[in-house]
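Peer 1: Residue numbers (our numbering): 102 to 640.
If you scroll down you'll find the structure; I have some questions about it.
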Amino acid sequence: MDRNALGVAAGCGPALFELCHALANADSMQGMFDAVVTALVTVTGCERAAALAFDGAGVMRFRAARGLSVRYQQAVDGHSPWTADSRGAEAILVDDVLAADQLAALQPVLAAENIRALAFLPLQAGGRLLGKFMLYADRPLDWRTVDLRFAAAAGDLLASFLLREEAQERLLRSRKMESLGMLAGGIAHDFNNLLTAVLGHVDLLRGETLRGTPARGHVDQLLAVAERAAELTRQLLGFARPQAVEREVVDLGAFLAEAEPSLARCCAPSHQLRLEVAPALPGVLADRALLHQVLLHLLQNARAAMPGGGEIRIRAALGGSADVVELAVIDRGVGMDESVRRRLFEPLFSTSLDGRGSGLGLATCYAIVCGLGGDIAVRSAPGAGSTFLVGLPVAGRSAPPKRPATAAPVVATTVLLVDDQEVVARALQGALSRGGYRVLLAADGRQALAVLQREAVDAVVTDAVMPGMGGVELVQRLRQLRPELPVLLISGFVDEPLDLPRGIPVMHKPFLPRELLHRLRELLSARAAAEPGQTLSGS
Numbered sequence: 102m103d104r105n106a107l108g109v110a111a112g113c114g115p116a117l118f119e120l121c122h123a124l125a126n127a128d129s130m131q132g133m134f135d136a137v138v139t140a141l142v143t144v145t146g147c148e149r150a151a152a153l154a155f156d157g158a159g160v161m162r163f164r165a166a167r168g169l170s171v172r173y174q175q176a177v178d179g180h181s182p183w184t185a186d187s188r189g190a191e192a193i194l195v196d197d198v199l200a201a202d203q204l205a206a207l208q209p210v211l212a213a214e215n216i217r218a219l220a221f222l223p224l225q226a227g228g229r230l231l232g233k234f235m236l237y238a239d240r241p242l243d244w245r246t247v248d249l250r251f252a253a254a255a256g257d258l259l260a261s262f263l264l265r266e267e268a269q270e271r272l273l274r275s276r277k278m279e280s281l282g283m284l285a286g287g288i289a290h291d292f293n294n295l296l297t298a299v300l301g302h303v304d305l306l307r308g309e310t311l312r313g314t315p316a317r318g319h320v321d322q323l324l325a326v327a328e329r330a331a332e333l334t335r336q337l338l339g340f341a342r343p344q345a346v347e348r349e350v351v352d353l354g355a356f357l358a359e360a361e362p363s364l365a366r367c368c369a370p371s372h373q374l375r376l377e378v379a380p381a382l383p384g385v386l387a388d389r390a391l392l393h394q395v396l397l398h399l400l401q402n403a404r405a406a407m408p409g410g411g412e413i414r415i416r417a418a419l420g421g422s423a424d425v426v427e428l429a430v431i432d433r434g435v436g437m438d439e440s441v442r443r444r445l446f447e448p449l450f451s452t453s454l455d456g457r458g459s460g461l462g463l464a465t466c467y468a469i470v471c472g473l474g475g476d477i478a479v480r481s482a483p484g485a486g487s488t489f490l491v492g493l494p495v496a497g498r499s500a501p502p503k504r505p506a507t508a509a510p511v512v513a514t515t516v517l518l519v520d521d522q523e524v525v526a527r528a529l530q531g532a533l534s535r536g537g538y539r540v541l542l543a544a545d546g547r548q549a550l551a552v553l554q555r556e557a558v559d560a561v562v563t564d565a566v567m568p569g570m571g572g573v574e575l576v577q578r579l580r581q582l583r584p585e586l587p588v589l590l591i592s593g594f595v596d597e598p599l600d601l602p603r604g605i606p607v608m609h610k611p612f613l614p615r616e617l618l619h620r621l622r623e624l625l626s627a628r629a630a631a632e633p634g635q636t637l638s639g640s
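In C-alpha cells, the structure reads:
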C-alpha cells in the first residue's frame with residue numbers, strides 16, 4: 102500500500118461526484134456496493150477494501166470486496182464487533198492486529214491474508230447501523246495519520262441510497278395493499294350482506310336446536326365456519342378501510358404482564374413463552390386491542406415455524422433512536438430466505454404447506470403497525486429462526502384521554518330496522534326479537550319516516566345504502582326530526598359514509614347477531630345515562 106496515497110481524500114470532490122453518479126445509475130444493490138468498494142480502493146490508496154451489511158438474520162456479511170480471498174471472507178463472516186441492535190457505533194481503528202486481543206481468534210486467517218492493520222468504519226443513517234466499510238493494510242499503521250473523510254462521505258452516500266431502496270420497497274408494498282383494497286371494496290357490499298344473513302340465520306337455528314343432538318353439532322360447525330369467514334373478510338377489508346384507532350399511552354411492561362396468559366394460550370404445550378422487558382421504558386402511543394392482535398398473529402407465525410416446540414421470546418427495548426420502542430417476537434424455527442422475506446407482508450401470501458394459512462395474518466400486522474405510526478420488519482435466514490421487529494413511537498407527555506366506562510346496559514322496547522335486503526332484514530329481525538325487542542321493518546328511508554309518524558320507536562338500525570332514500574340521508578333527517586333518537590348505521594361497504602352528523606356510530610358487515618345486540622345496548626345505555634329514570638324492559 103502507498104502511504105502517500107492515503108492523504109488524497111482531502112481533494113475528493115470529483116471522486117464523490119463520480120461515486121454519486123455510479124450509485125444513481127447502478128441497476129441493483131450489488132452494483133452500488135461494488136461501486137463504493139472500487140471508489141474506496143481508488144481514492145484511499147488501500148489495495149484492499151470491503152463493504153459489509155446485515156443480512157436478513159441480523160448478521161454482518163460481506164457484500165463487496167477488493168483484494169480479499171473468498172476463504173478469508175468466509176472465515177470472518179459473522180465476527181463483526183457490532184450487531185443489528187447497535188446504536189451510535191463509532192469507528193474502530195486497529196493499528197496492529199497482533200496487539201489486538203479482541204482479534205486473537207482470527208490471528209491465523211489474518212496472518213494468511215497478510216493483514217496487519219484494520220479500520221472498521223460504520224455505515225449508518227437515521228440513528229440506524231446499516232453495515233460497515235473495511236480498510237486493510239499489510240503492515241502496522243497509525244490510522245490517525247490517514248484521511249478517512251472520503252470513506253465517511255461515501256458511507257453517507259451509500260446509506261442514503263440504501264434508505265431510498267427501502268422507501269421504494271415500502272411504497273411498492275403500499276400500492277399492492279391499495280390495489281387489494283380496491284378489489285375488496287368492489288365485492289364487499291353484496292358479499293357482506295350475504296354473510297351477515299348466513300350468520301344471523303345459522304345463529305337463530307342454533308337457538309332452536311336441542312343440545313347434544315347430531316343436528317346441534319352440525320349447526321355449531323356451520324356457525325364456526327361462518328364466523329371464520331366473517332373474520333377473514335374483516336381482515337381482508339382492513340386493508341381497504343383504515344381502522345378507527347383510539348390511541349393511548351401504553352406501558353409495554355404492564356401491558357405484556359397483563360396479556361401474558363392469553364398470549365401463552367396461543368402457544369402449543371410444547372412451546373415456552375418468555376417475556377423480556379428492558380427497565381424504565383418510555384410509554385408508547387398505541388391501541389391496546391390492536392397491539393394485542395399484532396402479538397397474537399406474530400405468535401401464531403412463530404408457533405408454525407417451530408412445529409416441534411421450543412422457546413418463543415417477546416422482547417421490549419429501546420429501538421435505534423430515542424423516540425422508538427421496539428417490540429420483538431423471536432423464534433428459533435425454520436427461518437426463511439430472501440425471496441420469502443421480501444413478500445412476507447403481502448396480502449394472501451402464505452408459505453403454509455397444509456393450506457391452513459390464509460396469508461392475511463402478517464399483512465394485517467403490517468397494516469395495523471403502519472396505522473399506529475410505527476414500522477415492522479423481519480430478520481431471518483434458513484435454519485436461523487426469525488425475529489419480527491415492531492417499532493412503536495414513544496408517547497409525548499400528554500396522553501389522549503381514555504374513553505369513559507359504558508353506563509349500565511339498558512334495553513328499550515321497539516326498534517325500527519331499515520334494510521332493503523329481505524334476507525338480511527329477516528336475519529337481523531330474528532336476532533333482535535330473540536334479544537327481547539319489538540321489531541318494525543322498513544325497506545328504505547321513506548318507509549322508515551312513515552313508520553316513525555305512526556309508531557313509538559326507541560331506536561333505529563339502518564343500512565347505509567338503499568334505493569330511494571338511503572341510510573345516510575335518513576340519519577340526517579332523523580337528526581332534524583328526532584335528535585334524541587339513538588341511531589346505528591350498518592354498512593356492507595368498505596368506505597365509511599360521508600356527511601354523517603357527528604357521533605353517529607357505524608357498524609360494518611359482516612357481524613354476529615350478538616355483536617349487533619351489544620352495540621345497540623351501548624347506544625341505549627348512553628341515552629339512559631342522559632335521561633335517567635327510564636323504565637326498561639327486554640334483555
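Positions of the beta carbon are idealized from the N, C-alpha and C atoms, including for glycine.
1. By DSSP's criteria, M161 is part of a beta bridge. Which residues make up the other side?
2. Measure the beta-carbon distance from G710 to G301 and round it to whole angstroms, keeping in mind my assumption that it falls under 8 Å.
3. Using CA coordinates, which residue listed in T143, Q131, M130, P315 is at the minimum distance from E119?
4. Between R172 and E148, what straight-line distance do the alpha-carbon atoms span, to the nearest angstrom?
5. In whole angstroms, what is the alpha-carbon distance linking S481 and G436?
6. From A418, R620, C471, D257, pick the residue whose C-alpha is nearest to that of L117; which is it?
7. Got a sec? Which residues, its chain only, sit under 8 Å from L68 by beta carbon, not counting five neighbours each side?
8. Just checking my contact of V320 with V385 at CB under 8 Å: how many whole Å lie between their CB atoms?
9. Chain C beta carbons: is any one of them nearer than 7 Å to that of D178?
10. The alpha helix (DSSP H) spanning Q554 covers which residue range?
11. Within 10 angstroms of its Cβ, does L219 collect 16 or more other Cβ (buried), or is it exposed?
12. Per DSSP, what kind of secondary structure is V109 in: helix, strand or coil?
13. What does the alpha-carbon distance come out to for the pair A226 and A268?
14. According to DSSP, what are the bridge partners of D654?
15. Grouping DSSP H, G and I as helix and E and B as strand, with all else coil, what is Y63?
16. Look at the Cβ atom of G486, then the Cβ atom of R444, and state whether they are nearer than 7 Å.
17. Decide if the stretch 161-169 is in contact with the stretch 386-405; the criterion is three or more beta carbon pairs, one per stretch, under 8 Å apart.
18. Could you spell out the range, first to last residue, of the beta strand (DSSP E) harbouring Q373?
19. What did DSSP end up calling Q225 once you bin it into helix, strand or coil?
20. When burial is assigned at 16 or more other CB atoms within 10 Å of the CB, is N294 buried or exposed?
21. Could you give the residue range of the alpha helix (DSSP H) that holds L357?
22. Can you tell me where the beta strand (DSSP E) with D128 in it begins and where it stops?
23. G114: buried (16+ other C-beta within 10 angstroms of its C-beta) or exposed?
Peer 2: Judging by the given coordinates:
1. As a first step, residue 161 must be located in the sequence shown, where it is residue number 60. DSSP output for M161 lists F155 as bridge partner(s).
2. Since the first and last residues shown for the chain are 102 and 640, residue 710 lies out of range.
3. Indexing the sequence shown from 1 puts residue 119 at position 18. Cα-wise, what sits closest to E119 is T143.
4. Counted from its first residue, the sequence shown places residue 172 at position 71. Counted from its first residue, the sequence shown places residue 148 at position 47. Taking the straight line joining both Cα atoms gives about 18 Å.
5. Taking the sequence shown and counting its residues from 1, one reaches residue 481 at position 380. Taking the sequence shown and counting its residues from 1, one reaches residue 436 at position 335. About 5 Å.
6. The residue labelled residue 117 in the question sits at position 16 within the sequence shown. Residue D257 is the option with its Cα nearest to L117.
7. Nothing about residue 68 can be reported from this structure: the residues present for the chain run from 102 to 640 only.
8. Numbered from 1 along the sequence shown, position 219 holds the residue referred to as residue 320. Numbered from 1 along the sequence shown, position 284 holds the residue referred to as residue 385. Not a contact, Cβ separation roughly 43 Å.
9. Of the protein chains in this structure there is only one, and it is not chain C.
10. Taking the first residue of the sequence shown as 1, we reach residue 554 at position 453. In the DSSP annotation of this structure, the continuous segment of the alpha helix (DSSP H) that includes Q554 starts and ends at 546-555.
11. Against the sequence shown, residue 219 aligns to sequence position 118. L219 is buried by the Cβ-count criterion.
12. Against the sequence shown, residue 109 aligns to sequence position 8. Note on V109: pLDDT 41, under 50, position unreliable in the model; the coordinate value appears next. In the three-state reduction of the DSSP assignment, V109 falls in the helix class.
13. For this step, residue 226 is matched to residue 125 along the sequence shown. For this step, residue 268 is matched to residue 167 along the sequence shown. Approximately 13 Å between the Cα atoms of the pair.
14. Any question about residue 654 goes unanswered here, given that the chain covers just 102 to 640.
15. Given that the chain is displayed from residue 102 to residue 640, the structure contains no residue 63 and the question cannot be resolved.
16. As a position in the sequence shown, residue 486 is number 385, starting the count at 1. As a position in the sequence shown, residue 444 is number 343, starting the count at 1. Taking 7 Å as the cut-off, the beta carbon of G486 is found no closer than this to the beta carbon of R444.
17. The stretch 161-169 is not in contact with the stretch 386-405.
18. For the purposes of this step, residue 373 is identified with residue 272 of the sequence shown, where counting begins at 1. That run of the beta strand (DSSP E) goes 372-378.
19. Reading the sequence shown from its first residue, position 124 is the one you call residue 225. Shown here, Q225 sits in a strand according to DSSP, grouped into three states.
20. For the purposes of this step, residue 294 is identified with residue 193 of the sequence shown, where counting begins at 1. Counting C-beta atoms within 10 angstroms of its own C-beta, N294 has 16 or more neighbours from the protein chains shown and is therefore classed as buried.
21. Start at 1 with the first residue of the sequence shown, and residue 357 comes out as number 256. It spans 353-366 - the alpha helix (DSSP H) in which L357 sits, taken as one unbroken run.
22. Walking along the sequence shown from the start, residue 128 turns up at place 27. In this chain, D128 is not harboured by any beta strand (DSSP E), its DSSP state being neither H nor E.
23. Translated into positions along the sequence shown, residue 114 becomes position 13. Within 10 angstroms of the beta-carbon of G114 lie fewer than 16 other beta-carbons, which makes it exposed.
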